[in-house]
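Chain order of the listed sequences is A and B. Position one of the first sequence corresponds to residue 114 (the working numbering), numbered consecutively onward. Position one of the second sequence corresponds to residue 192 (the working numbering), numbered consecutively onward. Beta carbons are placed, not taken as given, at the ideal position from N, Cα and C, and that holds for glycine. Remember, it's a predicted structure, so these values are computed and weren't measured experimentally. Inspection log for the structure reproduced underneath, given as structure tokens.
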Amino acid sequence: MKRHTTAILAGLGLLGTAQMATAAELHVLNWKGYGADEPFATEAFEKMTGDTVVNDFFNSEQEMLTKLRTNPGLYDVVMINAAFMQQALDEDLVQPIDTAKIENYGDIDESTAQSPMLNVDGNTYGVPWTWGLTTIAINDKAFETAPTSIKEMWKDEHKGRVTIRDDAVEAIQLGALATGQNINDVEDMDAVKSSLSELLPNIRTFWSSENDWNQMIASNQIDLGTYWSGSAGRAQTKFNLPVTLAVPEEGAVGWLDSFAISQGSDNVESAHKFINYMLSPEFYTEWDETVGAPVSASRRAVAALPEDAFNRAVMGTPEIAERVQFQEPITDEQREEYLKLWQSLKVGAN
Amino acid sequence: MAATMTQENGLRKAFPLLLPAYAWLTLAIFLPLSAMVYFSLLTSMSPSEQSSSLTLENYAAFFSDPLYVTLLLRSLRLGLVVTLICILVGFPAAYVLAKIFKGRAREAIFLLVILPFWSNSLVRVFSWSMVLREGGILDTALNSILPFEVTFDLMYSYPAVVIGLVHSYLPYMVLTCYLSLQAIDDALIEAARSLGASRLTTLRRVVAPLALPGVLAGSALIFIPVVGSFMEPRILGGRGGTLYGTVIEDQFTAVYNWPLGAALSFILLAVVLVILLVSAPVLRKTA
Numbered sequence: 114m115k116r117h118t119t120a121i122l123a124g125l126g127l128l129g130t131a132q133m134a135t136a137a138e139l140h141v142l143n144w145k146g147y148g149a150d151e152p153f154a155t156e157a158f159e160k161m162t163g164d165t166v167v168n169d170f171f172n173s174e175q176e177m178l179t180k181l182r183t184n185p186g187l188y189d190v191v192m193i194n195a196a197f198m199q200q201a202l203d204e205d206l207v208q209p210i211d212t213a214k215i216e217n218y219g220d221i222d223e224s225t226a227q228s229p230m231l232n233v234d235g236n237t238y239g240v241p242w243t244w245g246l247t248t249i250a251i252n253d254k255a256f257e258t259a260p261t262s263i264k265e266m267w268k269d270e271h272k273g274r275v276t277i278r279d280d281a282v283e284a285i286q287l288g289a290l291a292t293g294q295n296i297n298d299v300e301d302m303d304a305v306k307s308s309l310s311e312l313l314p315n316i317r318t319f320w321s322s323e324n325d326w327n328q329m330i331a332s333n334q335i336d337l338g339t340y341w342s343g344s345a346g347r348a349q350t351k352f353n354l355p356v357t358l359a360v361p362e363e364g365a366v367g368w369l370d371s372f373a374i375s376q377g378s379d380n381v382e383s384a385h386k387f388i389n390y391m392l393s394p395e396f397y398t399e400w401d402e403t404v405g406a407p408v409s410a411s412r413r414a415v416a417a418l419p420e421d422a423f424n425r426a427v428m429g430t431p432e433i434a435e436r437v438q439f440q441e442p443i444t445d446e447q448r449e450e451y452l453k454l455w456q457s458l459k460v461g462a463n
Numbered sequence: 192m193a194a195t196m197t198q199e200n201g202l203r204k205a206f207p208l209l210l211p212a213y214a215w216l217t218l219a220i221f222l223p224l225s226a227m228v229y230f231s232l233l234t235s236m237s238p239s240e241q242s243s244s245l246t247l248e249n250y251a252a253f254f255s256d257p258l259y260v261t262l263l264l265r266s267l268r269l270g271l272v273v274t275l276i277c278i279l280v281g282f283p284a285a286y287v288l289a290k291i292f293k294g295r296a297r298e299a300i301f302l303l304v305i306l307p308f309w310s311n312s313l314v315r316v317f318s319w320s321m322v323l324r325e326g327g328i329l330d331t332a333l334n335s336i337l338p339f340e341v342t343f344d345l346m347y348s349y350p351a352v353v354i355g356l357v358h359s360y361l362p363y364m365v366l367t368c369y370l371s372l373q374a375i376d377d378a379l380i381e382a383a384r385s386l387g388a389s390r391l392t393t394l395r396r397v398v399a400p401l402a403l404p405g406v407l408a409g410s411a412l413i414f415i416p417v418v419g420s421f422m423e424p425r426i427l428g429g430r431g432g433t434l435y436g437t438v439i440e441d442q443f444t445a446v447y448n449w450p451l452g453a454a455l456s457f458i459l460l461a462v463v464l465v466i467l468l469v470s471a472p473v474l475r476k477t478a
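Given below as structure tokens:
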């Protein structure tokens with residue numbers, strides 16, 4: 114009986130593949146709820162190309178790499194944080210992209226598009242999609258005028274009213290910015306350490322999700338803290354919370370998300386079309402308006418937003434472009450060293 | 192000879208009954224644990240580095256850095272404090288349930304004791320955060336009753352972690368104490384009373400020794416998970432919430448260093464086992 118069922122299933126499967134020759138599937142690997150899986154987007158893409166989008170998700174960059182390793186050829190398009198592209202390349206998980214096939218590629222800033230993290234040996238492996246900042250956001254109730262220096266977090270008057278994320282890498286980068294160092298090349302780790310241990314008494318608690326942060330603001334428990342630019346925008350526009358992004362003059366940490374085509378993809382043609390659609394103003398404006406999005410890498414897409422939109426009015430200003438330091442790859446050894454330092458700081462602080 | 196025959200026969204008959212439980216234990220506990228032992232001896236989990244080999248370095252890391260020992264001591268202390276409070280609160284409650292309430296009232300109170308088990312532990316912890324914070328339920332309630340202004344803010348502190356953990360684990364203590372207290376024949380207590388023992392002496396010389404197995408079982412059920420707890424300290428403890436359990440969690444989720452995380456877990460397992468083994472003879476004597 115079971116054998117029969119298998120035979121039937123196989124027969125159906127064959128029929129299925131025969132039909133799929135005209136309407137193929139496009140497998141996309143991305144964070145859940147991060148644009149590519151919006152129903153409006155998959156529907157629009159299906160209407161445009163006839164190809165069905167099949168979404169799969171990861172919960173960490175490590176999981177994304179593991180999924181690519183263990184399912185070669187399954188995924189067509191994969192969203193990779195630029196800082197992790199080198200690792201994907203070392204393991205031969207992605208293939209070169211023909212940027213000529215992506216019309217909207219020209220709308221990306223030259224310096225971003227040519228980022229050495231995404232381009233190796235003359236080949237382009239990642240198409241910049243969105244970017245954002247890890248920086249400071251303030252509780253409007255606590256400030257007459259927004260602070261301009263990162264040192265505001267260290268002030269006595271905010272004792273017990275500061276929050277930072279419980280993340281070793283973000284903490285070390287914050288210490289590096291406060292001590293005037295390059296976040297990607299921290300030379301004086303002792304200075305970072307003493308600076309962070311001075312900050313810890315001011316910390317109320319560590320946040321781990323957007324919801325944590327917004328709740329602390331809603332119940333007026335904090336004055337300021339580190340936050341992500343997109344989240345601050347959402348808190349302001351979607352939840353009407355008194356939150357303002359205050360990018361300090363010492364700088365801010367930037368991250369860049371890109372799309373890549375995985376090695377062994379059987380639908381390279383459609384993958385290019387999908388990346389092109391993800392960069393289009395039609396997709397981006399709807400995403401930002403209905404859900405809330407980070408800043409698109411495409412200038413044309415950002416310009417299509419309403420004039421007062423957070424991603425255009427605040428994130429698009431030249432001051433921000435000047436202050437951002439983009440995060441570069443971190444080795445596993447560095448990551449472990451950072452974690453150890455961060456743990457010992459936390460333990461020594463009570 | 193005949194005895195061994197029947198024993199063997201009995202074992203053979205019992206085999207089909209034992210099989211599901213042991214097969215499940217092998218599959219669900221023994222295999223993953225063995226895999227973790229193997230991971231804890233690896234130099235690296237990353238498949239990009241082919242040079243992964245066997246080492247004891249992860250265990251050495253525990254001893255070379257005072258950080259881990261400090262954290263382990265802190266977690267053990269937390270386990271002791273939570274267990275003690277659970278005994279102090281749980282034992283009287285169990286006594287009242289077993290010896291004083293009867294019928295419907297007992298059922299109702301019992302239900303209230305078990306109720307927390309029916310809700311998700313994460314939900315319980317988050318509801319504490321609403322109660323304990325400044326401007327939270329407790330703070331508002333106190334200020335509306337008291338004639339003077341108090342700021343009551345326990346959130347993100349060590350007491351908050353203790354409160355959350357006691358709430359999560361108290362039912363274990365109540366249930367185990369209840370079972371051993373209920374088994375005590377009321378005639379024994381009446382006899383002690385009629386022979387002139389005061390209430391306190393009866394409790395000390397009759398009830399407590401007989402109920403001790405329940406208290407010990409409850410303590411073990413509470414102490415072991417509390418030492419390794421990570422969720423309650425992380426959510427309620429704020430910056431004081433860094434404990435042994437949270438550091439293990441970081442190894443698995445933040446840096447993908449499974450070998451070190453597994454090694455730290457096995458050291459915790461060993462320490463807990465040693466504590467239980469060392470205390471076993473003492474406990475047996477008192478019981």
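message = Using only CA atoms, which one of A:Arg317, A:His385, A:Ser332 and A:Ser308 lies nearest to Leu139 (chain A)?
response = Of A:Arg317, A:His385, A:Ser332 and A:Ser308, the smallest CA-CA separation from Leu139 (chain A) is found for A:His385.
Identity of the residues DSSP links to Asn194 (chain A) by a beta bridge = Per the DSSP secondary-structure output, Asn194 (chain A) pairs in a beta bridge with A:Asp370.
Separation of Asp370 (chain A) from Val462 (chain B), as counted between CA atoms = Distance from the CA of Val462 (chain B) to the CA of Asp370 (chain A), rounded to the nearest whole angstrom, comes to 44 Å.
message = When you compare the segment 265-282 of chain B with the segment 355-374 of chain B, are there three or more beta-carbon pairs, one atom per stretch, that lie closer than 8 Å?
response = With a cut-off of 8 Å, the segment 355-374 of chain B and the segment 265-282 of chain B count as touching, because enough Cβ pairs lie within range.
key: Delimiting residues of the beta strand (DSSP E) encompassing Asp445 (chain A)   = Premise fails: Asp445 (chain A) lies in the alpha helix (DSSP H), Asp445 to Gly461, not in any beta strand (DSSP E).
ask   = Span of the alpha helix (DSSP H) holding Ala250 (chain A)?
value = Segment Val240 to Asn252 is the beta strand (DSSP E) holding Ala250 (chain A); no alpha helix (DSSP H) there.
key: Sequence-distant residues of its chain with Cβ nearer than 6 Å to Trp320 (chain A) (five each side left out)   = The beta carbon of Trp320 (chain A) sits closer than 6 Å to the beta carbons of Thr276, Arg278 and Trp326 from its chain, once the five residues preceding and following it are set aside; these are given in chain order.
inquiry  = I believe Gln373 (chain B) touches Ala289 (chain B) by the beta-carbon criterion, under 8 Å. Please report the beta-carbon distance rounded to the nearest angstrom.
reply    = Going by Cβ atoms, the distance from Gln373 (chain B) to Ala289 (chain B) rounds to 4 Å, so yes, they are a contact pair.
request  = Work out the CA separation of Tyr363 (chain B) and Phe414 (chain B) for me, nearest whole Å.
outcome  = Approximately 11 Å between the Cα atoms of the pair.
key: Anticipated Cβ contact below 8 Å, Ala226 (chain A) with Phe396 (chain A), distance rounded   = Not really, about 18 Å apart at Cβ, beyond 8 Å.
request  = Give the DSSP bridge partners of Trp144 (chain A), in chain order.
outcome  = According to DSSP, which records beta bridges pairwise, Trp144 (chain A) is partnered with A:Phe171.
message = What would DSSP say about Asn315 (chain A), mapped onto helix, strand or coil?
response = Under the three-state reduction of DSSP output, Asn315 (chain A) falls in the helix class.
ask   = At which residues does the beta strand (DSSP E) containing Arg136 (chain B) begin and terminate?
value = Only positions 192 to 478 of chain B appear in the structure, and residue 136 (chain B) is not among them; the question remains open.
Residue range of the beta strand (DSSP E) that includes Arg278 (chain A) = From DSSP, the beta strand (DSSP E) with Arg278 (chain A) extends over Val275 to Arg278.
inquiry  = Please return the same chain residues whose Cβ sits closer than 8 Å to the Cβ of Leu262 (chain B), not counting the five positions on each side in sequence.
reply    = For Leu262 (chain B), where only same-chain residues beyond five positions count, the Cβ hits under 8 Å are Thr433, Leu434, Tyr435 and Val438.
ask   = Can you round the beta-carbon distance between Tyr451 (chain A) and Ile285 (chain A) to whole angstroms, since I take them to be within the 8 Å contact cut?
value = Correct: roughly 5 Å between the Cβ atoms.
query = Between Ala255 (chain A) and Ile443 (chain A), is the Cβ-Cβ spacing less than 8 Å?
reply = No. Outside cutoff.
ask   = Does DSSP put Ile462 (chain B) in a helix, in a strand, or in coil?
value = Checking the sequence, you will find Val at residue 462 (chain B) rather than Ile. When secondary structure is reduced to three states using DSSP, Val462 (chain B) falls in the helix class.
query = Within 8 Å (strictly less), CB to CB, does Lys351 (chain A) reach chain B?
reply = Not an interface residue.
request  = Could you pull the start and end residues of the beta strand (DSSP E) that Trp341 (chain A) belongs to?
outcome  = From DSSP, the beta strand (DSSP E) with Trp341 (chain A) extends over Leu337 to Trp341.
message = Against chain B, which members of the segment 300-320 of chain A pass a CB distance test of less than 7 Å?
response = Under the 7 Å Cβ criterion, the segment 300-320 of chain A contributes Leu313, Ile316, Arg317, Thr318 and Phe319.
ask   = In three-state DSSP terms, what is Leu340 (chain B)?
value = It should be pointed out that residue 340 (chain B) corresponds to Glu in this sequence rather than to Leu. Here Glu340 (chain B) carries a coil assignment [DSSP, helix/strand/coil].
query = Is it buried or exposed for Ala479 (chain B), if we count other Cβ within 10 angstroms and need 16 for buried?
reply = With chain B running from 192 to 478 in the structure shown, residue 479 (chain B) is simply not present.
Opening and closing residue of the beta strand (DSSP E) in which Gln438 (chain A) lies = Taken as a continuous stretch (DSSP letters only), the beta strand (DSSP E) holding Gln438 (chain A) covers Val437 to Phe439.
Within-8 Å CB hit, Ala196 (chain A) to chain B = No, no contact with chain B.
key: Sheet register partners of Thr237 (chain A) (DSSP bridge)   = Per DSSP, the beta bridge partners of Thr237 (chain A) are A:Asn232.
request  = Would you please verify whether the beta carbon of Ser411 (chain A) is less than 8 Å from any beta carbon of chain B?
outcome  = Not flagged as an interface residue toward chain B: Ser411 (chain A), since no C-beta distance is shorter than 8 Å.
ask   = Expressed to the nearest angstrom, what Euclidean distance is found between the alpha-carbon atoms of Gln442 (chain B) and Tyr349 (chain B)?
value = For Gln442 (chain B) and Tyr349 (chain B), the distance between alpha carbons rounds to 23 Å.
ask   = Taking Cβ positions, are Ala149 (chain A) and Met192 (chain A) nearer each other than 8 Å?
value = Yes, Cβ-Cβ distance for Ala149 (chain A) and Met192 (chain A) is below 8 Å.
message = Using only the alpha-carbon positions, how far apart do Ala281 (chain A) and Lys160 (chain A) sit?
response = When rounded, the separation of the alpha-carbon atoms in Ala281 (chain A) and Lys160 (chain A) is 44 Å.
task = Confirm, please, whether the CB-CB distance from Leu290 (chain A) to Ile263 (chain A) is below 8 Å.
result = A contact, by the Cβ cut-off of 8 Å.
inquiry  = I'd like to know whether the C-beta atoms of Ser371 (chain B) and Pro404 (chain B) end up nearer to each other than 8 Å.
reply    = Pro404 (chain B) is positioned such that its CB atom lies closer than 8 Å to that of Ser371 (chain B).
task = In the DSSP assignment, find the unbroken alpha helix (DSSP H) run with Thr367 (chain B) in it and report its ends.
result = Per DSSP, Thr367 (chain B) belongs to the alpha helix (DSSP H) from Tyr349 to Gln373.
request  = Indicate the three-state DSSP secondary structure (helix, strand or coil) for Leu209 (chain B) in the structure shown.
outcome  = In the three-state reduction of the DSSP assignment, Leu209 (chain B) falls in the helix class.
message = Does the CB of Leu452 (chain A) have a neighbour CB from chain B at under 8 Å?
response = Yes - at least one Cβ of chain B is within 8 Å of the one on Leu452 (chain A).
query = DSSP state of Phe208 (chain A), grouped into three classes?
reply = Per the sequence shown, residue 208 (chain A) should be read as Gln rather than Phe. In the structure shown, Gln208 (chain A) falls within a strand segment according to DSSP collapsed to helix, strand and coil.
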